[in-house]
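Numbering (our numbering), first residue to last: 4 to 210.
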(Lines of atoms letter the chains of each structure in order from A and count residues from 1; the text may use other names and numbers.)
(Lines give C-alpha, C1' and ligand atoms only; values in the text may rest on other atoms or scores of the structure.)
Protein backbone atom coordinates (compact mmCIF):
# COMPACT_ATOMS: atom_id res chain seq x y z
CA UNK A 1 0.00 0.00 0.00
CA UNK A 2 1.46 3.33 -1.07
CA UNK A 3 2.73 5.64 1.71
CA UNK A 4 1.89 3.15 4.51
CA UNK A 5 3.45 -0.19 3.52
CA UNK A 6 6.07 -0.19 6.32
CA UNK A 7 6.63 1.54 9.65
CA UNK A 8 9.55 3.57 8.30
CA UNK A 9 7.58 4.64 5.24
CA UNK A 10 4.61 5.56 7.44
CA UNK A 11 6.85 7.75 9.62
CA UNK A 12 8.29 9.39 6.51
CA UNK A 13 4.77 10.00 5.20
CA UNK A 14 3.75 11.62 8.48
CA UNK A 15 6.75 13.95 8.28
CA UNK A 16 6.27 14.81 4.60
CA UNK A 17 2.55 15.46 5.13
CA UNK A 18 3.23 18.40 7.45
CA UNK A 19 6.39 19.66 5.76
CA UNK A 20 5.00 20.03 2.23
CA UNK A 21 6.81 17.06 0.72
CA UNK A 22 3.60 15.12 0.15
CA UNK A 23 0.01 16.27 -0.14
CA UNK A 24 -1.72 15.05 3.01
CA UNK A 25 -4.88 14.47 0.95
CA UNK A 26 -3.00 11.98 -1.24
CA UNK A 27 -1.65 10.22 1.84
CA UNK A 28 -5.18 10.12 3.30
CA UNK A 29 -6.76 8.21 0.39
CA UNK A 30 -5.07 4.82 1.13
CA UNK A 31 -6.06 5.07 4.82
CA UNK A 32 -9.72 5.44 3.91
CA UNK A 33 -9.67 1.95 2.39
CA UNK A 34 -8.23 0.51 5.61
CA UNK A 35 -10.12 2.23 8.40
CA UNK A 36 -12.10 5.39 8.91
CA UNK A 37 -10.59 5.56 12.39
CA UNK A 38 -7.07 5.57 10.92
CA UNK A 39 -8.12 8.27 8.46
CA UNK A 40 -9.55 10.38 11.28
CA UNK A 41 -6.40 9.91 13.37
CA UNK A 42 -4.26 11.03 10.43
CA UNK A 43 -6.41 14.15 9.88
CA UNK A 44 -6.18 14.97 13.58
CA UNK A 45 -2.39 14.55 13.44
CA UNK A 46 -2.09 16.90 10.46
CA UNK A 47 -4.42 19.45 12.05
CA UNK A 48 -2.63 19.50 15.40
CA UNK A 49 0.84 19.49 13.83
CA UNK A 50 0.14 22.34 11.43
CA UNK A 51 -1.41 24.53 14.11
CA UNK A 52 1.39 23.71 16.54
CA UNK A 53 3.96 24.75 13.95
CA UNK A 54 2.02 27.91 13.16
CA UNK A 55 1.88 28.79 16.86
CA UNK A 56 5.61 28.28 17.25
CA UNK A 57 6.42 30.34 14.16
CA UNK A 58 3.99 33.07 15.20
CA UNK A 59 5.45 33.10 18.70
CA UNK A 60 8.99 33.44 17.38
CA UNK A 61 8.04 36.29 15.06
CA UNK A 62 6.09 38.09 17.79
CA UNK A 63 8.95 37.69 20.25
CA UNK A 64 11.43 39.09 17.76
CA UNK A 65 9.08 41.93 16.89
CA UNK A 66 8.67 42.83 20.57
CA UNK A 67 12.43 42.68 21.14
CA UNK A 68 13.02 44.84 18.08
CA UNK A 69 10.40 47.39 19.20
CA UNK A 70 11.90 47.50 22.70
CA UNK A 71 15.38 48.00 21.28
CA UNK A 72 14.11 50.77 18.99
CA UNK A 73 12.41 52.44 21.96
CA UNK A 74 15.58 52.30 24.05
CA UNK A 75 17.61 53.70 21.16
CA UNK A 76 15.08 56.51 20.70
CA UNK A 77 15.23 57.34 24.43
CA UNK A 78 19.04 57.38 24.36
CA UNK A 79 19.05 59.63 21.30
CA UNK A 80 16.55 61.95 22.98
CA UNK A 81 18.71 62.13 26.11
CA UNK A 82 21.84 62.78 24.04
CA UNK A 83 19.98 65.49 22.12
CA UNK A 84 18.85 67.17 25.34
CA UNK A 85 22.37 67.05 26.78
CA UNK A 86 23.82 68.60 23.63
CA UNK A 87 21.11 71.27 23.70
CA UNK A 88 21.86 72.07 27.35
CA UNK A 89 25.57 72.40 26.61
CA UNK A 90 24.84 74.66 23.66
CA UNK A 91 22.39 76.80 25.66
CA UNK A 92 24.85 77.12 28.52
CA UNK A 93 27.43 78.45 26.07
CA UNK A 94 24.89 80.89 24.64
CA UNK A 95 23.93 82.10 28.13
CA UNK A 96 27.57 82.76 29.01
CA UNK A 97 28.01 84.68 25.74
CA UNK A 98 24.92 86.82 26.36
CA UNK A 99 25.78 87.48 30.03
CA UNK A 100 28.32 90.15 29.16
CA UNK A 101 29.03 91.36 32.72
CA UNK A 102 29.23 87.86 34.25
CA UNK A 103 26.41 88.54 36.73
CA UNK A 104 24.82 85.14 35.99
CA UNK A 105 21.68 86.95 34.87
CA UNK A 106 20.69 88.45 31.53
CA UNK A 107 19.20 91.92 31.15
CA UNK A 108 17.12 93.11 28.22
CA UNK A 109 20.04 95.26 27.03
CA UNK A 110 22.41 92.29 27.12
CA UNK A 111 19.96 90.17 25.14
CA UNK A 112 19.47 92.87 22.53
CA UNK A 113 23.22 93.45 22.21
CA UNK A 114 23.89 89.72 21.89
CA UNK A 115 21.30 89.26 19.17
CA UNK A 116 23.10 91.92 17.14
CA UNK A 117 25.96 89.44 16.86
CA UNK A 118 25.27 87.26 13.79
CA UNK A 119 26.96 84.18 15.30
CA UNK A 120 24.78 84.19 18.43
CA UNK A 121 21.62 85.01 16.51
CA UNK A 122 22.23 82.16 14.06
CA UNK A 123 22.94 79.80 16.95
CA UNK A 124 19.59 80.64 18.54
CA UNK A 125 17.82 80.31 15.20
CA UNK A 126 19.52 76.94 14.58
CA UNK A 127 17.84 75.68 17.76
CA UNK A 128 14.44 76.80 16.39
CA UNK A 129 14.22 79.74 18.80
CA UNK A 130 12.80 82.79 17.07
CA UNK A 131 14.68 86.07 17.67
CA UNK A 132 12.33 88.27 15.64
CA UNK A 133 10.66 89.85 18.69
CA UNK A 134 13.31 90.32 21.40
CA UNK A 135 10.97 92.14 23.80
CA UNK A 136 8.50 89.28 23.75
CA UNK A 137 11.35 86.77 23.99
CA UNK A 138 12.76 88.50 27.07
CA UNK A 139 9.33 88.88 28.67
CA UNK A 140 8.62 85.16 28.25
CA UNK A 141 11.97 84.05 29.66
CA UNK A 142 11.67 86.41 32.62
CA UNK A 143 9.07 84.16 34.22
CA UNK A 144 9.16 85.82 37.65
CA UNK A 145 8.98 89.37 36.24
CA UNK A 146 12.18 90.45 38.00
CA UNK A 147 13.55 92.26 34.95
CA UNK A 148 16.43 89.80 34.65
CA UNK A 149 16.71 86.26 33.29
CA UNK A 150 18.44 83.66 35.45
CA UNK A 151 20.20 80.62 33.98
CA UNK A 152 17.29 78.35 34.95
CA UNK A 153 14.77 80.73 33.39
CA UNK A 154 16.86 80.92 30.21
CA UNK A 155 17.12 77.14 29.85
CA UNK A 156 13.43 76.58 30.63
CA UNK A 157 12.36 79.34 28.27
CA UNK A 158 14.50 78.09 25.39
CA UNK A 159 13.23 74.53 25.81
CA UNK A 160 9.63 75.75 25.65
CA UNK A 161 10.24 78.11 22.76
CA UNK A 162 11.87 75.68 20.38
CA UNK A 163 9.69 75.67 17.29
CA UNK A 164 8.13 78.19 14.96
CA UNK A 165 7.50 81.87 15.61
CA UNK A 166 3.97 80.94 16.59
CA UNK A 167 5.29 79.23 19.75
CA UNK A 168 6.68 82.61 20.83
CA UNK A 169 3.20 84.12 20.64
CA UNK A 170 1.65 81.15 22.42
CA UNK A 171 4.17 81.28 25.27
CA UNK A 172 3.68 85.04 25.57
CA UNK A 173 -0.07 84.50 25.89
CA UNK A 174 0.49 81.79 28.51
CA UNK A 175 2.76 84.08 30.49
CA UNK A 176 0.24 86.93 30.44
CA UNK A 177 -2.51 84.50 31.41
CA UNK A 178 -0.49 83.25 34.41
CA UNK A 179 0.10 86.78 35.63
CA UNK A 180 -3.58 87.60 35.09
CA UNK A 181 -4.60 84.59 37.18
CA UNK A 182 -2.26 85.71 39.96
CA UNK A 183 -3.75 89.21 39.87
CA UNK A 184 -7.29 87.83 39.98
CA UNK A 185 -6.40 85.57 42.91
CA UNK A 186 -4.85 88.53 44.74
CA UNK A 187 -7.94 90.69 44.14
CA UNK A 188 -10.17 87.85 45.33
CA UNK A 189 -8.14 87.52 48.51
CA UNK A 190 -8.35 91.26 49.17
CA UNK A 191 -12.12 91.26 48.58
CA UNK A 192 -12.53 88.38 51.02
CA UNK A 193 -10.56 90.30 53.62
CA UNK A 194 -12.67 93.43 53.09
CA UNK A 195 -15.86 91.35 53.37
CA UNK A 196 -14.71 89.86 56.68
CA UNK A 197 -13.87 93.31 58.03
CA UNK A 198 -17.27 94.66 56.99
CA UNK A 199 -19.04 91.69 58.56
CA UNK A 200 -17.15 92.21 61.81
CA UNK A 201 -17.83 95.96 61.88
CA UNK A 202 -21.58 95.43 61.35
CA UNK A 203 -22.05 92.97 64.21
CA UNK A 204 -23.95 94.29 67.31
CA UNK A 205 -20.85 93.80 69.45
CA UNK A 206 -18.79 96.00 67.16
CA UNK A 207 -21.53 98.66 67.15
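The beta-carbon is built from N, C-alpha and C at its ideal position, and this holds for glycine as well.
Taken atom to atom, the span from the alpha-carbon of residue 155 to that of residue 129 is near 21 angstroms. If you ignore the 5 residues before and after residue 113, its C-beta comes within less than 8 angstroms of the C-beta of 101, 102, 103 and 104, all in its own chain and listed in chain order.
Rounded to whole angstroms, the separation of the alpha carbons of residue 67 and residue 109 is 52 angstroms.
Nearest Cα to residue 22 within the set 5, 41, 76 and 55: 55. Within its own chain, the residues whose Cβ lies closer than 8 angstroms to the Cβ of residue 24, once the five positions on either side in sequence are excluded, are 18, listed in chain order. It is roughly 21 angstroms from the alpha-carbon of residue 65 to the alpha-carbon of residue 79. In the three-state reduction of the DSSP assignment, residue 152 falls in the strand class.
Non-local C-beta neighbours of residue 191 in its own chain, meaning closer than 8 angstroms and more than five positions away in sequence, are absent. Between the beta-carbon of residue 34 and that of residue 7 there is about 7 angstroms, and that keeps the pair under the 8 angstroms contact cut. Per DSSP, residue 132 lies in no alpha helix (DSSP H) and is assigned neither H nor E.
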